[in-house]
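Heads up, the thing below is written out as structure tokens.
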Amino acid sequence: MSDPRLLKLTASEPLTLEEEYEMQKKWREDPDKLTFIILAVERKGDPSDYPMVGDVNLFLKGHPSDEDFEAEVEIMIAESDYRRQGLAVEALRLMLTYATGLPSAFMCPPLSQSVPPPPKPLPIPPQSLVARVAQDNRPSISLFEKLQFSVVRVVHVFGEVEMRFGGGGVPIYDK
């Protein structure tokens, strides 16, 4: 990922291909991280031929039984040609349904019986879901608002907002 705008919006650093592979390996093996890769289905055929256009991640901080437990949600549609087509909201709905076991909370149909149950410590309580978004990233803030997240805090020093599922909310933009 080398797009300066995308690096800024995702608070990421540029990585070499080798560093990217190493990070993916680490994430795959880390029990505190869950990643879904977002593929664009452009035609019928073998899913291994579909282009990878982004990812959605869940970072578990602590254990669900801990009072201060949180699960931070991140989404990125890296390929600009695939943005604003509903992929992000669909991927988030699937990830959040999988992680919480509550499809109705995210306006998602129940998962198929063929989908294996999520591993422990999932499912997680939805009130522990948090998203941190660049304060000027209005499209991402709107995306999370569609899924019933609300801005609960503005962190000016980092230029970001903290959003929580079902949070009371504080206004940061005129609607």
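1 is the number of the first residue of the sequence shown in full-length UniProt numbering; add one for each residue after it. Note that the Cβ used here is the ideal one computed from N, Cα and C, for glycine as well. It should be emphasised that the depicted structure is a prediction, and the values quoted were computed from it without experimental measurement.
From what residue to what residue does the alpha helix (DSSP H) around residue i run?
i    : result
A88  : 87-100
K112 : Per the sequence shown, the amino acid found at residue 112 is Ser instead of Lys. Per DSSP, S112 belongs to no alpha helix (DSSP H) and is neither H nor E.
Tell me, please, which residues DSSP counts as bridged to residue i.
i    : result
T32  : Per the sequence presented here, residue 32 reads as Asp, with Thr not at that position. Note: D32 sits in no beta bridge, so no partner.
S134 : Ser is not the amino acid found at residue 134; the sequence shown has Ala there. DSSP output for A134 lists E160 as bridge partner(s).
I38  : G54
L129 : A71
Of all Cβ atoms in chain C, is any one closer than 8 Å to the Cβ of residue i?
i    : result
V151 : In the structure shown, chain C cannot be found, because there is only a single protein chain.
Which residue marks the beginning of the beta strand (DSSP E) containing residue i, and which one marks its end?
i    : result
I75  : 70-77
E162 : 160-165
S140 : Looking at the DSSP string, S140 is not in any beta strand (DSSP E); the run it does join, the alpha helix (DSSP H), is 138-146.
G54  : 52-61
F149 : 149-155
Since residue i contacts residue j with CB under 8 Å, what's their CB separation in whole angstroms?
i    : j    : result
V41  : L92  : With 8 Å as the limit, V41 and L92 do not qualify as a contact, their Cβ atoms being about 17 Å apart.
T163 : V115 : Note that residue 163 is Met in the sequence shown here, rather than Thr. About 27 Å; that fails the 8 Å criterion.
P47  : L39  : 6 Å
C108 : L94  : 7 Å
F59  : D32  : 7 Å
Q135 : G159 : 5 Å
G54  : A78  : 5 Å
I37  : M23  : Their Cβ separation, rounded to whole angstroms, is 13 Å, which puts I37 and M23 out of contact at 8 Å.
Given a threshold of 16 other Cβ atoms within 10 Å of its Cβ, counted over all protein chains shown, does residue i qualify as buried or as exposed?
i    : result
S140 : buried
T97  : buried
I124 : buried
T16  : exposed
V161 : buried
V151 : buried
K175 : Low confidence applies here, because K175 scores a pLDDT of 43, under 50, leaving its location unreliable; read the following figure in that light. With fewer than 16 other Cβ atoms within 10 Å, it is exposed.
F165 : buried
Q.
Taking contact to mean 3 or more Cβ pairs, one atom from each stretch, closer than 8 Å, check whether the segment 71-78 and the segment 130-140 are in contact.
A. yes
Q) Any chance the segment 62-70 sits against the segment 84-101, with 3 or more Cβ pairs inside 8 Å? A) no
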